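The block underneath contains the structure these notes are about, expressed in structure tokens.
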Amino acid sequence: EVQLVQSGAEVKKPGESLKISCKGSGYSFSTNWIGWVRQMPGKGLEWMGIIYPDDSDTRYSPSFQGQVTISADKSISTAYLEWSSLKASDTAMYYCARLPATPATGWFDPWGQGALVTVSS
Amino acid sequence: QSVLTQPPSVSGAPGQRVTISCTGSSSNIGAGYDVHWYQQLPGTAPKVLIYGNRNRPSGVPDRFSGSRSGTSASLAITGLQAEDEADYYCQSYDRSLSGSVFGGGTKLTVL
Numbered sequence: 001e002v003q004l005v006q007s008g009a010e011v012k013k014p015g016e017s018l019k020i021s022c023k024g025s026g027y028s029f030s031t032n033w034i035g036w037v038r039q040m041p042g043k044g045l046e047w048m049g050i051i052y053p054d055d056s057d058t059r060y061s062p063s064f065q066g067q068v069t070i071s072a073d074k075s076i077s078t079a080y081l082e083w084s085s086l087k088a089s090d091t092a093m094y095y096c097a098r099l100p101a102t103p104a105t106g107w108f109d110p111w112g113q114g115a116l117v118t119v120s121s
Numbered sequence: 001q002s003v004l005t006q007p008p009s010v011s012g013a014p015g016q017r018v019t020i021s022c023t024g025s026s027s028n029i030g031a032g033y034d035v036h037w038y039q040q041l042p043g044t045a046p047k048v049l050i051y052g053n054r055n056r057p058s059g060v061p062d063r064f065s066g067s068r069s070g071t072s073a074s075l076a077i078t079g080l081q082a083e084d085e086a087d088y089y090c091q092s093y094d095r096s097l098s099g100s101v102f103g104g105g106t107k108l109t110v111l
């Protein structure tokens, strides 16, 4: 079974750093793109960016370029989403998901269970 | 303002047919990029409902169907059931953004 398991909920203060994870299993992790999607409270889905674990080729949405860092460690089948200085506006649910095709044609399947990040002083 | 435009809400009675539109532009749907649809039940992660414009993953009932024409796409749900009440999102690639985009989402209410 193809599965993505994300790290747990986090509560952080503004200005703190954070790195959340997404571990894949049941498929060739290295040769499938993995993406991150943000969902702010009560809002829709936002495509943040994707990474190809085999060579770490990374693409960001212009809205998130410079705001977050996406990385992956193919040796442990894990992708990461990282912030160096959190803001209250980063409070959201973050999902990782696999792209079983190319970035231009691919859809997200499956999705991780989501990681709730709360940033509050 | 999302690059892909969906109606904020649609509704229908059990057994009826509803459609959800997804309107894009010449840099995404109109450029020939595939459209995918997701269902998000309350409190859960999204799941793919339709991929590649009209393909259903195994396990998705054939009550759900997708189509694409010009700069738009549509998701149709026939034989509406209470369990279909959820948020629905379209997704496509946008060449001017060099990345994918989601529609703003549509809340389906089963009356």
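Each protein sequence line maps, in turn, to chains A and B.
Mapping of the first sequence onto this note's numbering: position 106 corresponds to residue 106, and the numbering continues sequentially without gaps.
Mapping of the second sequence onto this note's numbering: position 70 corresponds to residue 70, and the numbering continues sequentially without gaps.
Where a beta carbon is used, it is the ideal one built from N, C-alpha and C, also for glycine.
These figures come from a predicted structure and were not determined experimentally.
Task: R54 (chain B) and T78 (chain B) closer than 7 Å at C-beta - done: Counting from one through the second sequence, the residue named residue 54 (chain B) turns up at place 54. Counting from one through the second sequence, the residue named residue 78 (chain B) turns up at place 78. Going by C-beta atoms, R54 (chain B) is not nearer than 7 Å to T78 (chain B).
- [ ] With DSSP as the reference, label E83 (chain B) as helix, strand or coil.
- [x] By 1-based counting over the second sequence, the position of residue 83 (chain B) is 83. Three-state result, E83 (chain B): helix.
Task: Under the three-state DSSP convention, the category G30 (chain B) falls into - done: The sequence position of residue 30 (chain B) within the second sequence is 30, counting from 1. If DSSP states are grouped into helix, strand and coil, G30 (chain B) belongs with the helices.
TODO: From the DSSP output, in three-state form, read off K107 (chain B) for me.
DONE: Taking the first residue of the second sequence as position 1, residue 107 (chain B) is located at position 107. If DSSP states are grouped into helix, strand and coil, K107 (chain B) belongs with the strands.
- [ ] Count the CB pairs spanning the stretch 7-15 of chain A and the stretch 55-69 of chain A that are closer than 8 Å, and state whether there are at least three.
- [x] no
Open item on the list: List, in chain order, every chain A residue whose beta-carbon is nearer than 8 Å to that of P57 (chain B).
Closed with: The residue labelled residue 57 (chain B) in the question sits at position 57 within the second sequence. In chain order: D109.
Task: Given 8 Å, three or more beta-carbon pairs between the stretch 64-72 of chain B and the stretch 93-101 of chain A - done: no
TODO: Would you check if there are 3 or more beta carbon pairs closer than 8 Å linking the stretch 23-39 of chain A to the stretch 10-28 of chain B?
DONE: no
Task: Beta-carbon proximity list for P96 (chain B), same chain, < 7 Å, skipping 5 on both sides - done: Along the second sequence, read from residue 1 onward, the residue named residue 96 (chain B) stands at position 96. In the sequence under discussion, the amino acid at residue 96 (chain B) is Ser, which differs from the Pro named in the question. Counting only Cβ-Cβ distances below 7 Å, and skipping sequence neighbours, we find S27.
Open item on the list: Mapping the DSSP letters down to three states, classify K23 (chain A) as helix, strand or coil.
Closed with: Translated into positions along the first sequence, residue 23 (chain A) becomes position 23. Strand, per DSSP.
Task: Y88 (chain B) at chain A interface by Cβ criterion, 7 Å - done: Stepping through the second sequence from its first residue, residue 88 (chain B) is reached at position 88. Closer than 7 Å: no.
- [ ] Could you list which residues in chain B have their beta carbon closer than 7 Å to that of R59 (chain A), in chain order?
- [x] The residue you call residue 59 (chain A) lines up with position 59 of the first sequence. The contacting residues are S98, G99.
Task: DSSP-derived helix/strand/coil call for T78 (chain A) - done: As a first step, residue 78 (chain A) is located in the first sequence; it is residue number 78 there, counting from the start. Of the three classes helix, strand and coil, the one that applies to T78 (chain A) here is strand, per DSSP.
- [ ] May I ask you to list, following chain order, the residues of the stretch 73-97 of chain A that have a beta carbon less than 7 Å from some beta carbon of chain B?
- [x] Y95
- [ ] Measuring only between beta-carbons, confirm whether F102 (chain B) sits less than 7 Å from chain A.
- [x] If you number the second sequence from 1, residue 102 (chain B) lands on position 102. So yes, F102 (chain B) belongs to the interface.
TODO: Please work out which residues of its chain come closer than 6 Å, Cβ to Cβ, to Y52 (chain A), disregarding the five sequence neighbours upstream and downstream, and give them in chain order.
DONE: Numbered from 1 along the first sequence, position 52 holds the residue referred to as residue 52 (chain A). Counting only Cβ-Cβ distances below 6 Å, and skipping sequence neighbours, we find W33.
Open item on the list: Do W111 (chain A) and S100 (chain B) have their beta-carbon atoms positioned less than 7 Å apart in this structure?
Closed with: For this step, residue 100 (chain B) is matched to residue 100 along the second sequence. For this step, residue 111 (chain A) is matched to residue 111 along the first sequence. Going by C-beta atoms, S100 (chain B) is not nearer than 7 Å to W111 (chain A).
Open item on the list: Tell me which residues share the same chain as Q91 (chain B) and place their Cβ nearer than 8 Å to its Cβ, disregarding the 5 neighbours each side in the sequence.
Closed with: As a first step, residue 91 (chain B) must be located in the second sequence, where it is residue number 91. So the list reads L4, V35, H36, W37, Y38, S100, V101, F102, G103, once near-sequence residues are dropped.
Task: Rounded C-alpha distance that separates S7 (chain A) from S21 (chain A) - done: Numbered from 1 along the first sequence, position 7 holds the residue referred to as residue 7 (chain A). Numbered from 1 along the first sequence, position 21 holds the residue referred to as residue 21 (chain A). Whole-angstrom Cα-Cα distance: 5 Å.
Task: Limits of the unbroken beta strand (DSSP E) element including W107 (chain A) - done: Reading the first sequence from its first residue, position 107 is the one you call residue 107 (chain A). Element bounds for W107 (chain A): n/a, residue is neither H nor E.
Open item on the list: Helix, strand or coil for S30 (chain A)? Go by DSSP, reduced to three states.
Closed with: Translated into positions along the first sequence, residue 30 (chain A) becomes position 30. Here S30 (chain A) sits in helix by DSSP.
Task: Alpha carbon of F29 (chain A) to alpha carbon of D84 (chain B), nearest angstrom - done: Locating residue 29 (chain A) in the first sequence gives position 29, where the first residue counts as 1. Locating residue 84 (chain B) in the second sequence gives position 84, where the first residue counts as 1. Going by the C-alpha atoms only, they are around 32 Å apart.
Open item on the list: Please classify G24 (chain A) as buried or exposed, where buried requires at least 16 other C-beta atoms within 10 Å of its C-beta.
Closed with: Start at 1 with the first residue of the first sequence, and residue 24 (chain A) comes out as number 24. The residue is buried, with at least 16 neighbouring Cβ atoms inside 10 Å.
TODO: Mind checking the stretch 32-54 of chain B against chain A and listing, in chain order, the residues whose C-beta falls within less than 7 Å of any C-beta there?
DONE: Y33, D34, H36, A45, P46, K47, V48, Y51
TODO: Could you name the residues of the same chain whose beta carbon sits closer than 7 Å to that of V60 (chain B), not counting the 5 residues immediately before and after it, in chain order?
DONE: In the second sequence, residue 60 (chain B) corresponds to position 60, counting from 1. Excluding sequence neighbours, V60 (chain B) sits near L49.
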